[in-house]
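> Before I ask anything, here is the structure I am working with.
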Amino acid sequence: MSDTEQAIIEQAAAWHLASLGHAADGAMDWDAFTLWLEADPRHRRAFDEVALADALLGDHPGALTAQESANDDWAGENAQPEPPRRSFALRWTGAAMAASLVVALAVWQFGMGSVQTYATDMQARQIALADGSQIELAPHSSLRIEGRDQQRIALEGGAWFDIRHDPSRQLAITAGQLEISDIGTQFDVQSAAGQVRVQVAQGRVRVSSDALGKPLNLTAGHGVTFDPAGGTAEVMAVPAGKAGEWREGRLSFDAAPMPLVAADLSRYAGVKVSVAKSLRGRRFTGTLVIRDGEAALRDLSQLMDLELGRSGDGYRLQPRTR
């Protein structure tokens, strides 16, 4: 677990105690609590899991008794188990934060639930979530789904998401350094070599990252391209019908970095493509038909006035020699 995740759990434990009337200053600041929840989608998940941990220990006090026996600093030899179904936080007001952390860490792992992994080769794959949401995993991509409610997803490659609106659940998708939070919408995510592109077709999503600082809210018809090299995010308009266009045999780009263009061609056109280091700062705008991968690659090289050569079992784009 990262330092950031641990800090979030600590904050969630403190807010849980405060909500039960055990705030450090004796009062619960509901306005500040609301702002904290809205600042990062991970805050809501952590708070819910800490609250669940409290409830679980209320139902299974033996788990807490076992933890006490293993930690002499937490309780003495004469400590007695508390009656069932009493709030764990109320039992441990003196060392509530430490107790909350131990249980929250356990629930964080417990909350992972079953793990489902998917991977594709040359063909895309349809994935149905339990709530009726649909994911189309792009070729040469992988997806990892975790959590009791399938609410945590890790993507490598590309995917189209059609997510059913459910106010009680917030889906979180990690791609590269970005986390995309969904409240019920259609959007496309492409990730390659750390660069990530998100395009929203319907609804809205929230994009956050430690590298960004302030989260971005994207509505339908907008997208963002994230470059980890400089930690920059470029927001741009996405014409209707362009998001997820790879599903119809086309790739449209608007000032896309060349490494991302090459990765898309490698993934969807079935040809391995690399770009010279000197081209990584160049951008491409246009549409490529990907049914014939080599033809799409030749079109790109001509449009960009680049030299296309063989490189191992693939191709390499480099500046044209004069």
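Going left to right, the sequence shown walks through residues 114 to 435 as the working numbering numbers them. We put the beta carbon where it would ideally sit given N, CA and C, even for glycine. None of the values given here were measured: they were computed from a predicted structure.
1. Counting only the same chain and skipping the five closest in sequence on each side, list residues whose C-beta sits under 6 angstroms from that of Asp340.
2. Considering Gly406, what are the terminal residues of the alpha helix (DSSP H) in which it resides?
3. DSSP three-state call for Leu150: helix, strand or coil?
4. Look up Ile266 in the DSSP assignment and give the residues it is bridged to.
5. Should Arg380 be labelled buried (16 or more other beta-carbon atoms within 10 Å of its own) or exposed?
6. Using three-state DSSP, classify Ser321 as helix, strand or coil.
7. Throw me the rounded Cβ distance for the Tyr231 and Leu256 pair, which I believe falls under 8 angstroms.
8. Thinking C-alpha only, which one of Ile248, Arg429, Asp144 and Arg157 is nearest Gln124?
9. Taking the C-alpha atoms as reference points, what is the distance between Tyr428 and Val386?
10. Which residue's Cα is closest to the Cα of Pro252: Gly399, Glu151 and Ala305?
11. Within the segment 336-386, note down every full beta strand (DSSP E) run reaching 3 residues or more, in order along the chain.
12. Am I right that Leu325 and Ala346 are in contact with their C-beta atoms under 8 angstroms? What's the rounded C-beta distance?
13. Within 10 angstroms of its Cβ, does Ser271 collect 16 or more other Cβ (buried), or is it exposed?
14. On the DSSP letters alone, give me the boundaries of the beta strand (DSSP E) that Gln315 sits inside.
15. Where Arg396 and Arg411 are concerned, what is the direct C-alpha to C-alpha distance, given to the nearest angstrom?
16. Report, in whole angstroms, the separation of the C-beta atoms of Ile258 and Ile266, which I expect to be a contact under 8 angstroms.
17. Within this structure, are the beta carbons of Thr400 and Leu364 separated by less than 8 angstroms?
18. Between the C-alpha atoms of Val351 and Gly260, what's the straight-line distance to the nearest angstrom?
19. Using C-beta distances below 7 angstroms, list every residue in its chain close to Ala243, excluding the 5 sequence neighbours before and after it, in chain order.
20. Which residues mark the beginning and the end of the beta strand (DSSP E) in which Arg238 is found?
21. CA-CA distance, Met371 and Arg433?
22. DSSP beta-bridge partners for Leu331?
23. Which stretch, first to last residue, makes up the beta strand (DSSP E) that contains Asp426?
24. Are the beta-carbon atoms belonging to Val384 and Glu407 less than 8 angstroms from one another?
Taking the definition as stated:
1. Gln308
2. Gly406 to Leu416
3. helix
4. In the DSSP assignment, Ile266 is bridged to Ile258 and Ile286.
5. buried
6. strand
7. 5 angstroms
8. Cα-wise, what sits closest to Gln124 is Arg157.
9. 5 angstroms
10. Ala305
11. 345-350 and 363-370
12. 6 angstroms
13. In the sequence as presented, Ser is not what sits at residue 271; that position holds Gly. The residue is buried, with at least 16 neighbouring Cβ atoms inside 10 Å.
14. Gln308 to Gln315
15. Cα-Cα distance, rounded: 17 angstroms.
16. 5 angstroms
17. yes
18. 32 angstroms
19. Gln263
20. Arg238 to Ala241
21. 15 angstroms
22. Val318
23. Unbroken run through Asp426: none, as it is neither H nor E.
24. yes
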